[in-house]
Amino acid sequence: MRHLTVRHTPQQNGVAERMNRTIMEKVRCMLSNTNLPKSFWAEAASTACFLINRSPSVAIEKKTPQEVWSGNPANYSDLKIFGCPAYAHVDNGKLEPRSIKCVFLGYKAGVKGYKLWCPENRKVVISRDVVFYETAMIPNLSLKDSSNKENQKEVEHQINTESTPQAITKIENRVAYSPQYSIAKNRTRREIKPPKKYAEADLVAYALNVAEDIDANQEPSNYSEAVSCEDSEKWMFAMQEEMESLHKNRTWDLVKLPKGKKVVRCKWVFKKKEGTLGVEEPRYKVRLVAKGYSQILGVDFTDVFSPVGKHSSIRALLGIVAMHDLELEQLDVKTTFLHGELDEDIYMQQPEGFIVSEKEDYVCLLRKSLYVLKQSPRQWYKSKR
């Protein structure tokens, strides 16, 4: 069961708040040690989380969070000092420099390379071939924009600074008779008014939170909530209808998982459509979708492109229909993505609650596409081309 914290009470989520404090303490230390401006706080926080996930913890038997999560020990060979100077290799001409001076900002997720900041180009660089100089830090001035200085020099040369002798004499007299300390004139300051707080806004925010809780109670978020709520019979009937539709369409075959193959997970999505007051009862719709985010490019799918009508084309078509007083018809294809034939072999786990007895270790070899698969829109387009 999900619980939300009360506004302005961070003590209700003490574990997360304490970790936020730990991360920000590391961020302050890293920025102070490297002389980097505060605008790099996000990169410092990302690097701090990277290091925390690879640091042993007593709470998990002196293992690292990464090792507990993935089962693989942490690799410390690629760790570098945050903010140290780094020279990234670049492919320029024969007479151009072979590297550019950067600042090390951390590690790029999902890429075997380092994240660097180039002060000269003022952009982030991702590079694998980098030489680090960890015995010194770049001073503050090296990260500032040099364009302002160049513009300032140009303006100084354009301004005529010659003055007449009479003006010089007046200035010298003023300096001679001026007091040692000048008293600045008091300037009237604008009155700062505290921000107004409207009670209506708080009521609206509270109402939205209550409405969100009501919607969450009406529509289950997973299979366990669906079978344990008040409308469990209706949700089960909707799931059985979905399974019958999938079997009728011959969406998959139950097979043994081949060695070395990866399994794509799936989940149930529940939607309750309210009917018209006094005319129609609520409809309980359930759809089985694949978790497409777990697919791997080049293994589970290759191309995902499928054409989509532009809004300008649709507006032009509607304009032609209106101009010539034509009739326009709209079609809705049910279970659209279930008609596309798959080109790749995708193995999916059996749907929760409908695992075939005596075949618990079997998986679904998909013959037709499912919703949320990466290639589902393209396969539907290819089937109707």
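Here the sequence shown is numbered in full-length UniProt numbering, starting from 1 and rising by one per residue. For glycine and all other residues, C-beta sits at the position ideal for the given N, C-alpha and C. All of these numbers come straight from a predicted model, not from anything done at the bench.
(1) Counting only the same chain and skipping the five closest in sequence on each side, list residues whose C-beta sits under 7 angstroms from that of Lys-271.
(2) Identify which residue in Glu-120, Tyr-107, Gly-106 and Lys-112 has its Cα closest to the Cα of Ile-100.
(3) Can you give me the C-alpha to C-alpha distance between Asn-92 and Thr-335, rounded to a whole angstrom?
(4) Please classify Phe-237 as buried or exposed, where buried requires at least 16 other C-beta atoms within 10 Å of its C-beta.
(5) Which residue spans inside the region 3-37 form an unbroken alpha helix (DSSP H) run of at least 4?
(6) With DSSP as the reference, label Leu-105 as helix, strand or coil.
(7) When the Cα atoms are used, what is the spatial distance from Glu-25 to Ser-57?
(8) Could you tell me whether the Cβ atoms of Val-356 and Val-263 are closer together than 8 angstroms?
(9) Taking 8 angstroms as the threshold, find out whether the region 289-297 comes into contact with the region 228-248 through three or more Cβ pairs.
(10) So if DSSP puts His-89 in a beta bridge, which residue, or which two residues, is it bridged to?
(11) So, helix, strand or coil for Lys-248, using DSSP?
(12) Does DSSP put Arg-315 in a helix, a strand or coil?
(13) Following the continuous beta strand (DSSP E) through Phe-132, name the residue where it begins and the one where it ends.
(14) What's the call for Met-30, buried or exposed, on a 16-neighbour Cβ count within 10 Å?
(15) Give the C-beta separation of Cys-84 and Tyr-133 to the nearest angstrom, bearing in mind that I take them to be a contact with Cβ-Cβ under 8 angstroms.
(16) Indicate the three-state DSSP secondary structure (helix, strand or coil) for Leu-254 in the structure shown.
(17) What do you get for Arg-98, buried or exposed, if any count of 16 or more other CB atoms within 10 angstroms of its CB means buried?
(18) Under a three-way DSSP split, which group does Glu-233 fall into?
(19) Could you give the C-beta distance for Asn-53 and Pro-65, rounded to a whole number, given that I count them as a contact under 8 angstroms?
(20) Can you round the beta-carbon distance between Gly-106 and Thr-47 to whole angstroms, since I take them to be within the 8 angstroms contact cut?
(21) Please specify which runs of the beta strand (DSSP E), each continuous and at least 3 residues long, are wholly inside the region 298-382, giving them in chain order.
(22) Among Tyr-347, Pro-139 and Leu-370, which residue has its Cα nearest to the Cα of Pro-258?
(23) How should Gln-295 be labelled, buried or exposed, when 16 other C-beta atoms within 10 angstroms of its C-beta is the threshold for buried?
(24) Looking at the structure shown, is Lys-384 part of a helix, part of a strand, or coil, going by DSSP?
(25) Do you know how far the Cα of Lys-359 is from the Cα of Gln-349?
(26) Pull up the distance between the alpha-carbon of Arg-122 and that of Leu-116, whole angstroms please.
(27) With which residues is Lys-63 paired in a DSSP beta bridge?
(28) Determine whether the beta carbon atoms of Phe-337 and Ser-312 lie at a separation below 8 angstroms.
(29) Between Phe-132 and chain B, is the shortest Cβ-Cβ distance under 8 angstroms, so that the two count as touching?
(30) Exposed or buried, what is Ile-138 when buried is set at 16 or more other beta-carbons lying within 10 Å of its beta-carbon?
(31) Count the other CB atoms, across all protein chains shown, that sit within 10 Å of the CB of Ser-146; report buried if there are 16 or more and exposed otherwise.
(32) Assuming contact is defined by CB atoms lying nearer than 8 angstroms, are Val-130 and Ala-88 in contact in what I supplied?
(33) Tell me the rounded alpha-carbon separation between Glu-352 and Met-239.
(34) When we look at the beta-carbon of Glu-274 and count the other beta-carbons within 10 Å, is it buried (16 or more) or exposed?
Let me lay it out:
(1) Glu-219 and Lys-285
(2) Glu-120
(3) 53 angstroms
(4) exposed
(5) 14-34
(6) strand
(7) 18 angstroms
(8) no
(9) no
(10) Ser-99
(11) helix
(12) helix
(13) 130-132
(14) buried
(15) 6 angstroms
(16) strand
(17) exposed
(18) helix
(19) 5 angstroms
(20) 4 angstroms
(21) 362-366
(22) Tyr-347
(23) buried
(24) coil
(25) 12 angstroms
(26) 10 angstroms
(27) Ser-57
(28) no
(29) The chain labelled as chain B is not found in the depicted structure, where only one protein chain is given.
(30) buried
(31) With a pLDDT of only 44 at Ser-146, under 50, the local geometry of the prediction cannot be trusted, and no value is derived from it.
(32) yes
(33) 10 angstroms
(34) exposed
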